[in-house]
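Sequential numbering of the sequence shown, starting at 1, is according to full-length UniProt numbering.
Below is one structure, written out as structure tokens; the observations come after it.
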Amino acid sequence: KWWSILGDVHDSDDNLKTSMTKWKPDFDSAASEYAKAAVCFKNAKQFEQAKDAYLKEAEYHTENKALFHAAKAIEQAGMMMKDLKKMPEAIQYIEKASMIYVENGTPDTAAMALDRAGKLIEPVSLEKAVDLYQQAAGVFENEDRLRQSAELLGKASRLLVRLRRLDEAATALQKEKNMYKDIENYPTCFKKTTAQVLVHLHRNDFVAADKCVRESYSLPGYSGSEDCVAMETLLQGYDEQDEDQVHRVCNSALLKYMDNDYAKLAISLKVPGGGAKKKTAKPPQGGAGAPAASAEDDDDYEGGLC
């Protein structure tokens, strides 16, 4: 195996030599031999050497103007760093590869590489994952691939919520929702409205939460929908500091089965000032002739407001 690796590297170096009958270095053959060497090193779990071989391959592909293949080799170098548990270096190589993909006119490949990088770095750095997902979303958006862009923005939005960067999450959610509206995926817009309300209420911005619901009335099918009823009821309970009503909405199946980060926002939502559960009016001692409870004490969760 080692003789094979050394032979591939030696052959690659020979391809770069010029002579009286060979005027130009054979970069294509040199890149091919380094690619073979990289695979051998990778199979032998010599990841540092494999990384170096992939970078050499990329160098010769670049000299040969084969940018797509150069980017592929650099991305593979990044994966070798991943195997060495050197995640920051891995991500640097993948980001570099994505830029070359864009330069080469293959933006879809660039966006997919950034998405993969985001998944790799998530367990190590949520902040960097957000950046990578947003970069990938931007690439797809520039290509008018709105569905793919919205999906990646969704990943970024959820991580921003997890990081408690709620102002940024609110902005990302609005952009995501606008994209789903543009491609007429209205049911997903309903879900994004619910996520927006939860984020704004955790930001203590009732006005922004209410505005999101009101703006959603223009979406076909929203008014009177289950999502609309739940959000109007939630906002009413929050505004009236009715902890019981807020608790019922936030623990309903509609919210509990959202993406986990938003479900956590729902179950942790508190009304301003700590809130208090509404209590049914009790008749005075003696009972007889006591006035009936007022209509205001009736349970106004049922049926919602829409």
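Beta carbons: idealized from backbone N, C-alpha and C, even for Gly.
Rounded separation between residue i and residue j - CA only
i           : j    : result
L84         : A77  : 11 Å
K22         : S157 : Any answer about K22 is weak, because its pLDDT of 45 lies below 50 and its placement is not dependable; what the coordinates show is given next. The alpha-carbon atoms of K22 and S157 are separated by roughly 56 Å.
residue 321 : Q134 : This structure cannot settle anything about residue 321, because the visible part of the chain is limited to 1 through 306.
Y34         : E63  : 14 Å
Q241        : V271 : 5 Å
A136        : V213 : 29 Å
L120        : M87  : 8 Å
V207        : L160 : 21 Å
T171        : A195 : 12 Å
residue 352 : L235 : The structure shown has nothing for residue 352, since the chain only spans 1 to 306.
residue 307 : Q49  : Residue 307 lies beyond the range of the chain shown here (1 to 306); nothing can be said about it.
A38         : M79  : 12 Å
P187        : L255 : 15 Å
D115        : L132 : 7 Å
K191        : N204 : 20 Å
Y60         : A31  : 5 Å
S223        : A230 : 11 Å
Y93         : A263 : 35 Å
D227        : L173 : 16 Å
K36         : K51  : 12 Å
V249        : S125 : 33 Å
E141        : E243 : 41 Å
H69         : E232 : 54 Å
Anticipated Cβ contact below 8 Å, residue i with residue j, distance rounded
i    : j    : result
Y101 : A73  : Contact flag wrong, Cβ pair sits at about 12 Å.
T193 : K175 : Not quite, the Cβ-Cβ distance comes to about 14 Å (not below 8 Å), so this is no contact.
M81  : E75  : Actually they are not in contact, since the Cβ atoms of M81 and E75 sit about 11 Å apart, beyond 8 Å.
A97  : V139 : Between V139 and A97 the Cβ distance is about 13 Å, and since that is not below 8 Å, they are no contact.
R162 : D261 : 5 Å
N104 : L67  : 4 Å
Counted within 10 angstroms of its Cβ, other Cβ atoms place residue i as buried (16 or more) or exposed
i    : result
E57  : buried
W3   : Residue confidence for W3 is low, a pLDDT of 42 falling below 50, so the modelled location carries little weight; the figure read from the coordinates is stated next. Burial call: exposed.
G118 : buried
V130 : buried
I91  : buried
S268 : exposed
E95  : buried
P107 : buried
D144 : exposed
Y238 : buried
E127 : exposed
Y257 : exposed
D45  : For the record, residue 45 in the displayed sequence is Lys; it is not Asp. Flag for K45 reads exposed.
A266 : buried
K155 : buried
K42  : buried
A113 : buried
E302 : Here E302 scores only 45 on pLDDT, less than 50, and its place in the model should not be relied on; the value that follows carries that caveat. Exposed, since its Cβ has fewer than 16 Cβ neighbours within 10 Å.
Span of the alpha helix (DSSP H) around residue i
i    : result
M231 : E226 to D239
M112 : P107 to I121
S98  : M87 to E103
M179 : L166 to D182
L254 : A253 to K256
Q196 : Y186 to H202
V207 : F206 to S216
N142 : L126 to N142
N64  : Taken as a continuous stretch (DSSP letters only), N64 belongs to no alpha helix (DSSP H), as it is neither H nor E.
K155 : L146 to R162
L265 : N260 to I267
Q46  : From DSSP, Q46 is part of no alpha helix (DSSP H); its letter is neither H nor E.
V249 : E243 to C250
Heavy atom of the ligand NAP within 7 Å of residue i beta-carbon
i    : result
L265 : As far as ligands go, the structure on display features none, and thus does not contain the ligand NAP.
Review point. Touch check for the segment 188-205 and the segment 153-166: three-plus C-beta pairs under 8 Å?
Key: yes
Practice item. Tell me, please, whether the segment 142-160 touches the segment 179-186 by the rule of three or more beta-carbon pairs shorter than 8 Å. Key: yes
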